[in-house]
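For reference, the structure is listed below as structure tokens.
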Amino acid sequence: MVLNLENYYKTEDCLDDDLKDRKRRHVSVLFGVCYILDKDIALRFGRPPLLTEDYCDLAFMDSAAGGTDIVHEYPTDPKLSLIKERICCLLYSPKADKGSDGEILHNIRQLDYELEQWRLSMPGSLRPRLSISLDSGPAIREAATRQDKQIALQLDYHYTLITIHTMVRKCGASNEETDLPEDLHGVIHSSVDLSLEAGRSTLLFLKFSLSLLGAKAFQYIQSFAPVAAMALFVNVLVHPLGDSSQGDLETLIQAVGTFQTIPIDSLSGNEIQQIQALCEFIMELVRLGSCAIWKAKTDRK
3 MVLNLENYYK
13 TEDCLDDDLK
23 DRKRRHVSVL
33 FGVCYILDKD
43 IALRFGRPPL
53 LTEDYCDLAF
63 MDSAAGGTDI
73 VHEYPTDPKL
83 SLIKERICCL
93 LYSPKADKGS
103 DGEILHNIRQ
113 LDYELEQWRL
123 SMPGSLRPRL
133 SISLDSGPAI
143 REAATRQDKQ
153 IALQLDYHYT
163 LITIHTMVRK
173 CGASNEETDL
183 PEDLHGVIHS
193 SVDLSLEAGR
203 STLLFLKFSL
213 SLLGAKAFQY
223 IQSFAPVAAM
233 ALFVNVLVHP
243 LGDSSQGDLE
253 TLIQAVGTFQ
263 TIPIDSLSGN
273 EIQQIQALCE
283 FIMELVRLGS
293 CAIWKAKTDR
303 K
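End of the sequence shown = 303 in our numbering, gap-free, step of one.
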């Protein structure tokens, strides 16, 4: 049915009639939204994307060149969704699951390059920051006040970065870590660091921008916080005695405190339950992470 939308706006003659032109434009935007949601569903639920580049006319993305109107018409930039499609195919497909360490690293590097090229192609007012620090708060609030879409793009950028670089943990899964070549160690640690920084930046950015999101706060927290929290938690399990482990657990605790500040009157009963469940989930990650740190310290004695 969605592909029929594509065929509708692609094959209909270009008429001067204003109503028909607006109808074609509306159908084109509707197809674009479906294309974006298809990629998000594929990544979040482990399903193959249904609307793929090979079978869809993606000409609607070309209107993004030289302007930002297309960005404001969609939940995110459709070109970022195209990268997500490639992430699904190159890192999360059954075929990718059988790839060698070298193939995984090659695909991660390629996708990271494509993501960075996309970031640099965005107008300065919308371009996501590489990372978010405590000092970024005032600048983020000021910029986000002018550009609501900047919040969505920043969070989606770091989410995409996490989905790319967390897959590096598959490297060496069939061998002991000490058996990996030294140069491979460096590449893996670099990729892990990027995913961790993206996770920390996501939670910090939510803290800075939450007051500006209003009714959208629940949507952004549910979409981006769990992935960021899991990135930090997994690293604590793998490296419980790492320099950042305790600090990352504190970041998770602070995130829960931030989420609990959402005004209840802005949420439905179901949304309140989901936020409570998310906070309980993150606190369980903190508990398990603390246990991992305690056990590692005990075993070392």
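All residues carry an ideal CB built from backbone N, CA and C; glycine is no exception.
These figures come from a predicted structure and were not determined experimentally.
Take the alpha-carbon of His187 and the one of Asp79: they are about 34 Å apart. Non-local C-beta neighbours of His167 in its own chain, meaning closer than 6 Å and more than five positions away in sequence, comprise Ser193, Leu196 and Ser197, ordered along the chain. Ile295 and Glu252 have their alpha carbons spaced roughly 13 Å apart. Taken atom to atom, the span from the alpha-carbon of Thr162 to that of Asp20 is near 38 Å.
Contact between the stretch 234-242 and the stretch 269-278 is absent, with fewer than three C-beta pairs closer than 8 Å.
From the listed residues Tyr37, Leu45, Gly48 and Met169, the smallest Cα separation to Asp59 is found for Tyr37. Our two residues, Thr260 and Lys209, have alpha carbons roughly 6 Å apart in a direct line.
By the criterion of a C-beta distance shorter than 6 Å, Ile264 is surrounded in its chain by Ala219, once the five residues flanking it on both sides are discounted. In terms of Cβ geometry, Ile134 and Ser203 form a close pair [threshold 8 Å]. Inside the stretch 115-171, DSSP marks whole alpha helix (DSSP H) runs of 4 or more residues at positions 139-148 and 150-167, from first to last along the chain.
Where Gln276 is concerned, the enclosing alpha helix (DSSP H) starts and stops at Gly271 to Arg302. Setting aside the 5 residues that flank it on each side, Cys293 has no residue in the same chain whose C-beta is closer than 8 Å to its C-beta. Between Met169 and Ile110, the beta carbon gap of about 6 Å places them in contact (Cβ cut-off 8 Å). Just so you know, the alpha carbons of Leu32 and Glu87 end up roughly 18 Å apart.
Across the set Ser102, Lys97 and Cys281, the C-alpha of Ser102 shows the shortest separation from the C-alpha of Gly174.
Here DSSP, grouped into helix, strand and coil, assigns His241 to coil. Comparing C-alpha distances from Asp56 to each of Cys91, Ile43 and His28 shows the shortest one belongs to Cys91. The beta-carbon separation of Ile89 and Thr165, rounded to 6 Å, stays under the 8 Å limit for a contact. In the DSSP annotation of this structure, the continuous segment of the alpha helix (DSSP H) that includes Gly259 starts and ends at Ser247 to Phe261.
Per DSSP, the unbroken alpha helix (DSSP H) holding Glu87 starts and ends at Pro80 to Leu93.
Nearest C-alpha to Glu118 among Pro96, His108, Leu82 and Ser138: Leu82. Between Gln256 and Ala98, the alpha-carbon positions lie close to 36 Å from each other. Counting other Cβ atoms within 10 Å of its Cβ, Ala44 reaches 16 or more and is therefore classed as buried.
The three-state secondary structure of Ile264, taken from DSSP, is coil.
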